[in-house]
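To keep things clear, I will list the structure first and then write my remarks on it.
Numbering (our numbering), first residue to last: 7 to 356.
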């Protein structure tokens with residue numbers, strides 16, 4: 007025990023500073039590494055939560071704008087389709103405009119010529135020169151021209167007895183309609199324009215240029231010109247008189263073996279193609295190349311230009327066609343530009 011009367015002495019505590027050894031340094035490094043891991047985990051958690059929130063909100067916004075996206079998609083497709091149709095429509099309009107101008111020019115020329123034009127009348131009468139009974143129907147203004155042509159073609163007055171000429175005001179001046187015992191020759195102006203229109207329609211359905219819609223005008227015009235000049239535009243036709251099995255008999259038109267004719271049914275459906283197989287007296291024997299249920303007595307038989315042929319070209323690759331070369335795959339016209347005959351010329355044995 008300490009005596010209260012003794013003086014008090016204060017003792018400072020002893021402080022010892024000990025430097026950390028290697029093990030303590032490793033402990034500090036581990037603490038810093040753990041802190042870094044915590045910060046990294048926090049960063050990853052934040053990014054994941056941010057991504058989840060962003061995706062959730064983006065999905066909601068996408069649902070809101072989906073109707074607008076569908077509308078824009080349909081609009082884009084419609085614009086693309088319309089852009090592809092513009093060149094084709096321009097082609098169709100150009101053909102129709104050319105036909106309208108041609109008709110007006112023909113009408114003006116026939117009306118204002120100082121001398122009657124006899125080219126069509128002469129060509130039509132020459133076609134039927136070998137027939138026995140011939141009935142010519144023409145415009146009353148062409149009666150003198152027809153008499154002059156007959157006098158030039160048949161100097162023998164006795165041969166003129168087989169011609170019967172009748173005036174028909176419904177026929178435009180410059181053309182005629184000739185009926186014989188072996189078919190009819192339609193040389194009317196409107197009939198020839200219809201023939202040109204049909205030829206141009208076939209060529210007009212073909213594509214010229216690249217798929218992007220760039221038209222090769224020179225190639226297109228050259229093909230149209232070839233279609234118009236490829237044959238006579240005076241139509242010859244007859245009528246069905248009898249159908250026996252798969253043989254169709256008609257009293258015309260004036261054709262050759264192998265010619266393809268179109269038989270127009272009485273119900274207004276698509277004409278039936280038929281190939282001329284032979285003749286018996288003044289009867290044309292044909293084999294139809296399609297269903298003949300629409301054919302009946304009196305059905306009109308119109309001869310095509312040239313013999314049987316098919317369209318050929320690189321555009322046939324990958325397409326599906328029937329026995330007549332018509333596409334049946336629903337992919338539109340073939341776009342071929344060359345017709346090749348089905349019957350080739352015999353090979354020279356030498």
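The beta carbon of each residue, even a glycine, is placed where N, CA and C say it ideally should be.
Computed from a prediction, not measured in an experiment: that's the story for all the values here.
Which whole-angstrom value is the C-beta distance of residue i and residue j, which I expect to be below 8 Å?
i	j	result
residue 206	residue 230	6 Å
residue 356	residue 342	That pair is no contact at about 34 Å.
residue 254	residue 303	So it is not a contact: roughly 11 Å between Cβ atoms.
residue 186	residue 126	Not a contact, Cβ separation roughly 17 Å.
residue 257	residue 189	6 Å
residue 265	residue 310	7 Å
residue 334	residue 305	Their Cβ separation, rounded to whole angstroms, is 25 Å, which puts residue 334 and residue 305 out of contact at 8 Å.
State the DSSP-derived secondary structure class of residue i, mapped to helix, strand or coil.
i	result
residue 2	Lying before the first or after the last residue shown, residue 2 is absent from the chain, which here runs from 7 to 356.
residue 169	strand
residue 200	helix
residue 109	helix
residue 245	strand
residue 307	strand
residue 25	Legend: pLDDT at residue 25 = 49, less than 50; position of this residue unreliable, no value from coordinates given.
residue 341	coil
residue 327	strand
residue 175	coil
residue 259	coil
residue 93	helix
residue 374	The question about residue 374 has no answer, for the chain in this structure spans 7 to 356.
residue 350	coil
residue 336	coil
residue 133	helix
residue 195	helix
residue 297	coil
Which residue marks the beginning of the beta strand (DSSP E) containing residue i, and which one marks its end?
i	result
residue 157	From DSSP, residue 157 is part of no beta strand (DSSP E) but of the alpha helix (DSSP H) over 149-159.
residue 356	Looking at the DSSP string, residue 356 is not in any beta strand (DSSP E), and its letter there is neither H nor E.
residue 186	182-186
residue 144	140-144
residue 284	278-286
residue 255	253-256
residue 268	265-270
residue 345	344-347
residue 292	289-294
residue 273	Unbroken run through residue 273: none, as it is neither H nor E.
residue 189	189-192
residue 372	The first residue shown for the chain is 7 and the last is 356, placing residue 372 beyond what the model contains.
Are the CB atoms of residue i and residue j nearer to each other than 9 Å?
i	j	result
residue 317	residue 346	yes
residue 129	residue 201	no
residue 290	residue 241	no
residue 358	residue 158	Nothing about residue 358 can be read from this structure; the chain reaches only from 7 to 356.
residue 308	residue 352	no
residue 330	residue 280	no
residue 195	residue 170	no
residue 294	residue 282	no
residue 112	residue 180	yes
residue 155	residue 124	yes
residue 340	residue 203	no
residue 108	residue 199	yes
residue 301	residue 250	no
residue 244	residue 263	no
residue 184	residue 239	no
residue 324	residue 344	no
Could one say the Cβ of residue i lies closer than 9 Å to chain D's Cβ atoms, at least one of them?
i	result
residue 203	Protein chain content of the structure displayed is limited to a single chain, and chain D is not contained in it.
Report yes if the C-beta of residue i is less than 8 Å from at least one heavy atom of the ligand ZN; otherwise report no.
i	result
residue 352	The ligand ZN is not among the ligands present in this structure, which contains no ligands whatsoever.
- Sequence ranges, beta strand (DSSP E) only - wholly within the region 54-84, length at least 3: Runs of the beta strand (DSSP E) lying entirely within the region 54-84 and spanning at least 3 residues: none are present.
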